[in-house]
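A quick write-up on the structure given underneath.
2 protein chains.
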Amino acid sequence: MAERGKQTVRDLRRGSRSTLLHRLYFEGPLSRQELGQISGLSGGSVSNVVGELISDGLVEECGSVESDGGRPRILLQVTPDRAHLIGVDVGETQVRVALFDLALTELAASDHPLSDHGHDVDHVVELMLTGIGEVLKQTGVQESQVLGVGVGVPGIVEQGEPGQDGLGIVVHSQTVDWDAVPLGRLLRAGTDLPLYVDNGAKTLGQAEMWFGAGQGARHAVVALFGSGVGACVIADGARFRGATSSAGEWGHTKVHVGGRLCRCGSRGCLEAYVGAEALVERWGEAPPGSSEKEGLAALLAAAERDEPSAVALLAEAAEYFGAAIADLINLFNPERIIIGGWAGLLLGPRLLPAVRDAATSYALRFPRAQTSIELGRLGPDAVTVGAATLPLSRFLDSGGSIR
Amino acid sequence: MAERGKQTVRDLRRGSRSTLLHRLYFEGPLSRQELGQISGLSGGSVSNVVGELISDGLVEECGSVESDGGRPRILLQVTPDRAHLIGVDVGETQVRVALFDLALTELAASDHPLSDHGHDVDHVVELMLTGIGEVLKQTGVQESQVLGVGVGVPGIVEQGEPGQDGLGIVVHSQTVDWDAVPLGRLLRAGTDLPLYVDNGAKTLGQAEMWFGAGQGARHAVVALFGSGVGACVIADGARFRGATSSAGEWGHTKVHVGGRLCRCGSRGCLEAYVGAEALVERWGEAPPGSSEKEGLAALLAAAERDEPSAVALLAEAAEYFGAAIADLINLFNPERIIIGGWAGLLLGPRLLPAVRDAATSYALRFPRAQTSIELGRLGPDAVTVGAATLPLSRFLDSGGSIR
DNA sequence: ACACGTTAAATCACGGTCCGAAGTAAGCAT
DNA sequence: ATGCTTACTTCGGACCGTGATTTAACGTGT
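Chain order of the listed sequences is F and C. Convert by adding 5 to the 1-based position in the first sequence; the result is the number in the numbering used here. Convert by adding 5 to the 1-based position in the second sequence; the result is the number in the numbering used here.
Listed below in C-alpha cells is the structure:
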C-alpha cells in the first residue's frame, strides 16, 4: 500500500541529482566515472547532471587522479561553502547555536547558559534568535546563504502540516514544563530562515548515524543514556517517526510493571532504573551539592573501588538496560545498537559487557545474533551538528535546492 | 539518506500503473475522471495508462454512472479473475490452503489437520504441496494463472537475498522446533510457483490492515493475542520489517524483569503474563483434558460469574497488556492499535476498557492521545487471506506484472 | 617529436514519459 | 434538430536516461 504520488519526468532529474549529491557528500571526492558505477546511472547522464550541478555551484572539481596511460579522472566534491547551516541545541543547561558550512565544519558558535529552571519559553526563544544573529555577524554569512536552522529540543515535537514553513511545529515536554509550545510560530516571528525542529536525542542519533558509530548501517537504534533515557530509531536509512513523529520514546517503556516511581508519574519506567538522575538519587552518597554529572562520576569511582552498594547498583542498572535493549532488538530488529549520551559514554566502558550479556539472555536468539551493541563515538556536543543535519538532509534529498 | 536507485523513464510508467491499480483495487470502481483527481495524474495520462491496463486485461469497464447533462462516466475495476492467488496457513493444529481470485474471494480451500507435535518439516511441506495441487484441481485454474503462493508460518522468517526466487527463505521457530528450516528450498522442489513467506501473525495483521479494523490507517500496530503474543507493525502503509524481517516480536518483551518464567526460557516476558497458555495454566481450574480455547473460555465464564480468582487474573492480564500496549505507543507512535487473534477477540469485549485505561496511565500523554485502541474485525481464518495478500501486494506494487 | 593506445568525459539520436490544449463522443434540455 | 455540459481521446511539446559515438587528455614507444 505504498502510494507514491504523481511523478513527472522532471522528478527523475531531481532524483538523479539527489543520488549523485548523496554519493558525493558521503563517499568523498569521486570522479564522474566512479559516480556512474555506484549510482547505476549511465555515463551520459552523469556528465549531464554533474554539469548542471556544477553550473549551479553545488559541486566543484577538486584535483584529479592520475592513471597509467589514459585520461586522468577529475574528482568532484560538494562545494563546501556554497551554502551554510545553523544548528541549535536547547539543552538542560544552555542554549547553543552553531553555524556550519556544507561539510559541517563549525565556523562559529554562541553559547548562552540557562539558569536553573530557566526554561521560560520566551526567554529561550530570545536566546536562540540572538544566537543566530551572533553567528551570522561573526562570520559575515548572509541569511540567503543559510539553508535553514535545525533545532534540537527536549521533549516531543509535533511537526504539523508539511509545507507551511514550520509554522505548525509544536513542542510538548514534561521535563522542562513546555506544554504545547508553538515553537514554530514563535521563532518565525523573529527570523525568516527555514525551520526544522526535532527532539535533541533524535538529532544526536542522526549525527551518530551519519558521522559516528552508525555509519554504514541501514537499520539501527541509537540508545541515548543521559539524565533520562531516549532512543532514535533508524529504519532503512531514515529516522522512524511514526504518525506524529514521537516514535522512539524509550525512556518510559515499562520494565517492571508496578515498580519504582518515575519522574513522569508512572511506575516501572526504564528511566526510573537506569537514568542518571535516578541512579544518583538511589545511590544517595553523592557529595552534597554536586551536579548530576559529578554525582554519576562519583558513583562510577566508588564502583571502581569495589564499594558494594555502588557495584550492586550499577550491576542492576546494566541488567535492566540490557533487558530494555533486548526489547528494542525484538521489536525493531536493527543491525546495530549504539549507546550514546553523556552517561552512556561515561559508564559505557564499565557496563558494556554486562549489558551485552543481559541483552543476549533476554532477547530472542535470532534477532540478537543479527545485532551488535556498541558505544557511540560522538559526545553530547554533537546535538548541534545533528540539528544542522536536518536542513542538510532536506537539501540532499531535494537534489540540492537552495531554499 | 534514503537512496533511491537508478530510475529510468519507464519506471515512471510502472509507478503510474501501480498507483492507478492501487486506487482501483482499494477504492472500488472509479471513473477515469475520479482516478485523475485522486492520483494527481493528468487526464491524458490516465486515459493512456488505463488503456494499457485494459489491453493487458488487468482492468475492465463495469457500467457507468449517469450524469445530469453530460457524458456519463465509465466505471473501471480490476478484473477479478485475471489472475489468482494461493494462501497457506501453517497453524498450530492444521495446514490450510486456499485459492482466491484477485478480489480475494475464496474459490476453494483444503484443510489438513496436524496431529499433536506433528510439525515434522517434511510432512508439513508435503501437506502444503498436496493442498496446492488440490485447490488447483478443484477449480481448474492453471498454474500460469497463479501470481504466487503466500505462506504464513509460526516463527521468524529470514527472507534471504531478494531476486533469487524465494530460495533463500529460512524459518526459525522455537515453538514448533524448527531451527533454520530452508522452507524456500523445500517448497521450490515441489512447485514452480513464486513463493512468499512471512510470519502468520504478520499476515493476519496485513489482512486486518487491508480489510479489517486497520483500513485507512497509515501507522498502526496489530497486536495479536493468542496462545502466545505477537505484533505486526505497519509504518507508513507498509509492514515494518527491520534488518532481517523479524521486527515486531512483541511477545518476549520484558514487562517485569526477573519475573515469571516464560516458555522461551527467559523471565518476565509479556507472553508469560497475558498469553492464553500462561493464563489457563495459572488459573489452574480449567476442566482437565480441555483444549486451550476451552480453558480460556471457561476462565472467561468464571470471571463473568464473578469468581474472585478468575476476575483477579483477568484484571492483572489487562493491566500488563495495557502496559505493554503503552510501550508500543511510546515506541512506534501509531494512530491505531488493533487487538486481534483468537484470544484477543474472545476476551476483548470484557478486557478492552481496562486495557485502554492501563494504556492511558502507562503511556506518555501526547502519543497516547493520538492513538485509538480497537478490536480486530477478522477471525483467525484470515491468516490465509493475509498470506494471499503477499503476492497480491507485489502484483499491485509492480504495476500489474503477471509473473 | 610524433604517432599510438588507453581511458575519461562530452555529445547526440532515440525511445519513452507526462502534461496540457484542442478535439471528439455521449448524454440532457429546449 | 440544436445547443450545452461533461467525459474521454488525441496530439504536440518539453523533458529524461540510455548507449553509441566522438572528443579530450593522458602515458608510452619509436
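From the three backbone atoms N, C-alpha and C, an ideal C-beta is built for every residue, glycine too.
Restricting attention to C:348, C:388, C:257, C:215, the CA atom closest to the CA of residue 297 of chain C is found in C:348. Interface criterion not met: the Cβ of residue 406 of chain C is under 8 Å from no Cβ in chain F.
Straight-line measurement puts the Cα of residue 376 of chain F at about 41 Å from the Cα of residue 140 of chain F.
The distance from the Cβ of residue 165 of chain F to that of residue 175 of chain F is about 7 Å, consistent with a contact at the 8 Å cut-off. Under the 8 Å criterion on CB atoms, residue 375 of chain F is classed as interfacial with respect to chain C. Beyond the five residues adjoining it in sequence on each side, residue 385 of chain C comes within less than 6 Å, by CB distance, of 347 in the same chain, given in chain order. Minimum Cα-Cα distance from residue 269 of chain C among the listed residues C:278, C:257, C:261, C:280 corresponds to C:257. Rounded to whole angstroms, the gap between the alpha carbons of residue 105 of chain C and residue 151 of chain C is 9 Å. Of all C-beta pairs linking the stretch 315 to 324 of chain F to the stretch 243 to 255 of chain F, fewer than three are shorter than 8 Å, placing the two stretches out of contact.
Short of 8 Å from the beta carbon of residue 191 of chain F, and not among the five residues preceding or following it, lie these beta carbons of its own chain, in chain order: 126, 127, 130. The DSSP assignment places 64 to 70 as complete runs of the beta strand (DSSP E) inside the stretch 42 to 76 of chain C, in order along the chain (cut-off: 3 residues). Non-local beta-carbon contacts of residue 283 of chain F in its own chain, meaning distances under 7 Å to residues more than five positions away in sequence, involve 276, 277 in chain order.
For residue 207 of chain C, no CB of chain F lies under 8 Å from its own CB, so it is not counted at the interface with that chain.
By the criterion of a C-beta distance shorter than 6 Å, residue 341 of chain C is surrounded in its chain by 222, 225, 377, once the five residues flanking it on both sides are discounted. With the criterion set as a beta carbon lying under 9 Å from some beta carbon of chain F, the members of the stretch 247 to 269 of chain C are 247, 248, 249, 250, 251, 252, 253, 254, 255, 256, 257, 258, 259, 260, 261, 262, 263, 264, 269, in sequence order. Between the stretch 366 to 376 of chain C and the stretch 188 to 203 of chain C there are fewer than three C-beta pairs closer than 8 Å, too few to call the two in contact. In the structure shown, residue 82 of chain C falls within a strand segment according to DSSP collapsed to helix, strand and coil. Among the residues facing chain F, residue 142 of chain C is not included, as its CB has no counterpart in that chain under 8 Å away.
Against chain C, a Cβ distance below 7 Å from residue 224 of chain F picks out 247, 248. According to DSSP, residue 273 of chain F shares a beta bridge with no other residue. The closest CA to that of residue 387 of chain F, considering only F:264, F:265, F:77, F:210, is found on F:210. Considered as a whole, the stretch 300 to 349 of chain C harbours 341 to 345 as its complete beta strand (DSSP E) runs of no fewer than 3 residues, in chain order. In its chain, beyond the 5 residues on either side, 323, 326, 327, 330, 378 have a beta carbon closer than 7 Å to the beta carbon of residue 360 of chain F. Here the alpha carbons of residue 242 of chain C and residue 41 of chain C stand approximately 22 Å from one another.
Scanning C:380, C:79, C:25 for the CA closest to the CA of residue 351 of chain C turns up C:380. When DSSP reads this structure, residue 115 of chain F sits in a beta bridge with F:102. Taking a Cβ-Cβ cut-off of 7 Å, the neighbours of residue 161 of chain C in chain F comprise 371, given in sequence order.
Among the residues facing chain F, residue 17 of chain C is included, as its CB has a counterpart in that chain under 8 Å away.
Between the alpha carbons of residue 144 of chain F and residue 103 of chain F lies a gap of roughly 11 Å. Beta bridge pairing from DSSP links residue 40 of chain F with no other residue.
Ranked by Cα distance from residue 271 of chain C, the first of F:98, F:52, F:367, F:173 is F:367. Counting the other CB atoms within 10 Å of its CB gives residue 362 of chain C a total below 16, which places it among the exposed residues. Within chain C, the residues 259, 271 have their CB atoms less than 7 Å from the CB of residue 367 of chain F, given in chain order. In this structure, DSSP gives residue 32 of chain C a state outside helix and strand, which the three-state scheme calls coil. Closest in alpha carbon position to residue 398 of chain C, among C:108, C:313, C:67, is C:108. Positions of the beta strand (DSSP E) runs, each at least 3 residues long and wholly inside the stretch 135 to 220 of chain C, are given as 151 to 158, 161 to 163, 175 to 178, 183 to 186, 200 to 204 in order along the chain.
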